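Sequential numbering from 14 applies to the sequence shown in my numbering.
The beta-carbon is built from N, C-alpha and C at its ideal position, and this holds for glycine as well.
Quick caveat: nothing in here was measured; it's all calculated off a predicted structure.
What follows is a single structure, written as structure tokens, with notes after it.
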Amino acid sequence: MIVRQFTSRGVTSHLCARFKETQNRPVMARPSSDLAAFREVFSKAKHVAILTGAGVSAESGVPTFRGEGGFWRKWQAQDLATPGAFSQNPSRVWEFYHYRREVMLTKSPNSAHVAIAECEARLQKQGRRVTVITQNIDELHRRAGSTNILEMHGSLFNTRCMSCGHVGVNHKSPICAALEGKGAPDPNTSDAQIPPHDLPRCEQGGCSGLLRPNVVWFGETLDSDILTRVEEELDLCDLCLVVGTSSIVYPAAMFAPQVAARGIPVAEFNMEETPATMRFRFHFQGPCGTTLPPALARHNNEP
């Protein structure tokens, strides 16, 4: 989910303070698209942070529900992805998320996901580290084989109980019997109006509380522990990649500019330039599935 409001026990205020410092620094020269130069930097990096957004999954055919045409029935995601929407109509919200879960089960990681996962596994054997920091909730990085992942906005395939708070992994299809065949996105489709007791329920110790998708909704705060771990990874990295993200959604939009302001190389892989492009050392324009694999392939200097 797209979250513009966030807190994290002082971590966010620290991040924001550092971001304001970067805004006052001069913009760098136009970023390079020299793949050989990037490869040289990559060959020496010991701790790589990879920030990913919706663009990396769009090439797998994943709907983004952003911008013009990004509707499910007559609603955009921000109309449904709120605690208030779930409180008022949990059946409709679950139809929306059931549809998204079922769509994701038909999708596969693309060559960008695979390149990232293969890079992580290869560099780990060399004593080097790759961390994926993603805004995506589709688990395609995990399915591609990445293991060191920070999912800032949660996962479509995790649930949280509204009563006991238990968070669990759930890949059932359908997630409950009442949702089978429901969730069609056609604007002429009527709401299923499923009674709450027939929606997904908690199975922990006879709790039976109503489950919700364990994703961050509009108006909710990001997990402070995840943000702390993100900050730690960005402080340690000696190379940062920004892959398939618009660089306009906060707090993620301020991460790479902060890294660049410290003099750390940042490489952006995206279909188009973003508001942050001119702050980075490298920019590779085009589909991530095309530009990323050669950038992360085994280097001649690697053992």
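| Item | Value |
| --- | --- |
| Mind checking ASN37: buried by the 16 CB within 10 Å criterion, or exposed? | Here ASN37 scores only 47 on pLDDT, less than 50, and its place in the model is too uncertain to base an answer on. |
| Does the segment 183–198 touch the segment 231–238, meaning 3 or more C-beta pairs lie closer than 8 Å? | no |
| What residue range is occupied by the uninterrupted alpha helix (DSSP H) comprising HIS126? | 124–138 |
| Assign ASN313 to one of two classes, buried (16 or more other C-beta atoms within 10 Å of its C-beta) or exposed (fewer than that). | exposed |
| Please determine, among LYS138, PRO96, VAL145, ALA98, the residue with the shortest C-alpha to C-alpha distance to GLU315. | LYS138 |
| Please list, in chain order, all residues of the same chain as GLN217 whose beta carbon is under 8 Å from its beta carbon, the five residues on each side excluded. | CYS174, CYS177, HIS179, GLY181 |
| In the structure shown, what three-state DSSP assignment does HIS312 receive? | coil |
| Apply the 10 Å Cβ neighbour rule to HIS154 and answer buried if 16 or more other Cβ atoms are within range, or exposed otherwise. | buried |
| What residue range is occupied by the uninterrupted alpha helix (DSSP H) comprising THR241? | 237–249 |
| Ordered along the chain, which non-local residues of its own chain (more than five positions away) have a Cβ less than 6 Å from that of GLN298? | none |
| At a cut of 8 Å, does the segment 193–207 reach the segment 67–75 through at least three beta carbon pairs? | no |
| In its own chain, which residues sit with a C-beta less than 6 Å from the C-beta of ALA128, not counting the 5 before and 5 after it? | LEU305, PRO306, LEU309 |
| DSSP three-state label for VAL106, please. | helix |
| How big is the Cα-Cα spacing for PHE99 and PRO300? | 35 Å |
| Helix, strand or coil for GLY181 per DSSP? | strand |
| In whole angstroms, give me the CA-to-CA distance for SER260 and HIS126. | 19 Å |
| Using the DSSP secondary-structure output, state which residues sit across from TRP85 in a beta bridge. | TRP88 |
| Tell me, please, which residues DSSP counts as bridged to ASN283. | GLN298 |
| Could you spell out where the alpha helix (DSSP H) holding PHE55 opens and where it closes? | 48–57 |
| Can you say whether HIS210 is buried or exposed, counting buried as having 16 or more other CB atoms within 10 angstroms of its CB? | exposed |
| Can you tell me the Cβ-Cβ gap for ARG292 and PRO270, rounded? I've got them flagged as a contact below 8 Å. | 5 Å |
| Let's see if you can read the secondary structure: which residues bound the beta strand (DSSP E) around GLY62? | The sequence shown places Ala at residue 62, rather than the Gly named in the question. Run containing ALA62: 60–65, per the beta strand (DSSP E) assignment. |
| Do you know offhand how far THR65's Cα is from LEU249's? | 18 Å |
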